[in-house]
Amino acid sequence: MVERLYKLPVEGSSYEAVMDQVIALRGEMTDGQLGKLASTSFQGQNEMQKLVHDAFVEFMDWNGLFSFRESAAAKMENDVLDICIDLLNGGEAARANLTVGGTESNFSGLHAMRGWARATKPHIKQPEIVAPYSTHSTVHKTAKYLDIKVVTVPQKDDLSVDIEGIREAVGPNTIGIVGSAPNWPYGTVDPIEEFGQIAIKADLWLHVDACVGGYILPFFRELGVELPFYDFTVPGVRSISADLHKYGYAPKPCSTILWRSQGEQQYHFMPINEWACGTYLSQGFVGSRTMGPIAGIWALMHFWGREGYLENAKSILRLKSIIVRKVESIEGLVAWKTDGPLQMIGADDFDITLVVGGLEKKGWSLLGVNVPPAIHLTLDVMEEEFIEKFTADLEEVVEGIRTGEITEEGLLTYGGVGDKALAPKWLLSALEIFEQGVDS
Ligand SMILES: Cc1ncc(COP(=O)(O)O)c(C=O)c1O
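Quick note on numbering: the sequence shown equals residues 71 to 510 in the numbering used here.
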């Protein structure tokens, strides 16, 4: 049983006493630099953090639900969304909405897709979408909320997308295709152009999950990295989800859903009149939200400009090449070929979870891929000493595995439970529910 013990303190404490505790709790968190590679503390370069934090705090108390009542809020939203449309080559006709994250953006894309299908393909009663196996968990999750079946197509042996498989998976109930730029497990940009051709031919909605790549791949491309096309330049793409709170460096929670035109956006909004206080119209699924993130990203976009984002992308590419070179120099480790800012590290002849275990002991917080097993890195600009520490630790850990010194495995997970004594109660409760089985 999950125990319920904590209660509101009867009396309050002083500012100093409470802040001391807050700072102590903060001190228990993984060091920001050691958590970066797991995206648990995605934060970018030190010199932009203060500006983003300060701008956030200026607007933290304001409710983004009411941005239509405040011209300053509307201006910040408009400026940011126009910039986002520009970065994804949306053009004059494109439209965009703010959301609180990739999950809500994917939900919005699928929700609008389903609305479009209901209007244009009313004979489809059990809608399906087709996606490569590499599609993100939140596509499955939001499809479940929307009662859309996800038909996934296994990756080929080299982990690339089986385009013939995608074509063959399209059936009479298919309403759309979902591709990623890049996908989370393998870090590669899906063949969105081919998806577009299939979508146009079969009259399907193509949604691109560019939550990771949306606001960094344009700069990688500008720096000469060869990438497949994935944005509105590709015919057939009708919606794109792109997270500002990942490589846009907005404070969380902040994401965007972009539409090719108002023709797509018309299926997004959910105006409500059936209640006592007049028309309720929110920007997306979520109601009240802090305006902090929009102020933070507006500030950063103006602080950095195109030049700053390019510099940042350059630093990430440099980090990527340092890590890849190091991995390639260590016998047994394999650096997967990826298109964007994600880098996976697999192992040829030993268990990669031992590397995770060893690196965890050295303080690194890491995520993983299970199929096939690999360490999953979200590359973010790191201080030089931490780049050196990571590469040195990696080498040392592999040596430790070879000599038999390191025997403890780590977890290759995205979520999951580590130490139960430290887990949040909702998670323990969820585990109890799953063990018992859900009532039906
Ligand atoms: C490709 C992709 N889509 C969607 C999401 C979900 O984003 P969020 O956690 O912001 O809801 C993620 C998160 O990592 C992602 O990598």
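All residues carry an ideal CB built from backbone N, CA and C; glycine is no exception. Everything numeric in this text was worked out from a predicted model, so none of it was measured.
Relative to ligand 1, N382 has its C-beta separated by 7 angstroms or more from all heavy atoms. One Cα belongs to A143, the other to I364, and the distance between them is close to 8 angstroms.
The three-state reading of DSSP puts K316 in coil, since its state is none of H, G, I, E or B. P288 counts as buried, since at least 16 other C-beta atoms from the protein chains shown sit within 10 angstroms of its C-beta. Shown here for N133: same chain residues with a beta carbon closer than 6 angstroms to its own, the five before and five after excluded, namely S358 in chain order. Of the other Cβ atoms in all chains shown, 16 or more fall within 10 Å of the Cβ of Q103; this residue is therefore buried. The count of Cβ pairs closer than 8 angstroms, one atom from the segment 439 to 448 and one from the segment 416 to 430, reaches three, so the stretches are in contact. In this structure, G114 is the residue among G114, G82, L135 and L95 with its C-alpha nearest to the C-alpha of P321. When A500, V295, T258 and F339 are compared, the shortest CA-CA separation from S230 is found for T258. Assignment of A189 by DSSP, reduced to helix, strand and coil, places it in the helix class. A direct Cα-Cα distance of roughly 32 angstroms separates V240 from L482.
Contact between the segment 278 to 293 and the segment 307 to 315 is present: three or more C-beta pairs spanning the two stretches fall below 8 angstroms. Straight through space, the alpha carbons of G171 and C324 are spaced by roughly 5 angstroms. Within the segment 202 to 280, the complete alpha helix (DSSP H) runs of at least 4 residues fall at 207 to 215, 233 to 239 and 262 to 271. Distance between G185 and L403, taken at the CA atoms: about 47 angstroms. Note: L437 is bridge-paired with H446 in the DSSP secondary-structure output. The alpha helix (DSSP H) runs of length 4 or more contained entirely in the segment 71 to 98 are, from start to end of the chain, 85 to 98.
Listed by position in the chain, the residues whose beta carbon lies within less than 5 angstroms of some heavy atom of ligand 1 are G171, G172, T173, H206, T208, W254, D279, C281 and V282.
By the CB criterion at 8 angstroms, C154 and A166 fall inside the cutoff. In this structure, DSSP gives N159 a state outside helix and strand, which the three-state scheme calls coil. Note on geometry: alpha-carbon atoms of P494 and V88 lie some 21 angstroms from one another. Scanning the segment 325 to 413 for uninterrupted beta strand (DSSP E) segments of 3 residues or longer gives 325 to 329 and 403 to 405, listed from N- to C-terminal end. For A125, the enclosing alpha helix (DSSP H) covers residues N116 to F129. Taking the C-beta atoms as reference points, G249 is found nearer than 8 angstroms to L276. Taking 8 angstroms as the cut-off, the beta carbon of D301 is found no closer than this to the beta carbon of H206.
Here the alpha carbons of Y85 and I93 stand approximately 12 angstroms from one another.
I367 and I386 have their C-alpha atoms some 19 angstroms from each other. For L464, there is no enclosing beta strand (DSSP E); the residue is part of the alpha helix (DSSP H) that begins and ends at E454 to R472. Contact between P298 and E334 does not hold, since the beta-carbon distance rounds to 22 angstroms and is not under 8 angstroms. DSSP places R165 in the uninterrupted beta strand (DSSP E) bounded by R165 to T169.
DSSP links G416 through a beta bridge to V404. In the DSSP secondary-structure assignment, N133 is bridged to T360.
A contact is defined here as three or more CB-CB pairs under 8 angstroms, and the segment 342 to 349 fails this definition with respect to the segment 116 to 132.
Nearest to E430 by alpha-carbon distance, out of E478, V80 and R330, is E478.
A405 and M146 have their alpha carbons spaced roughly 40 angstroms apart.
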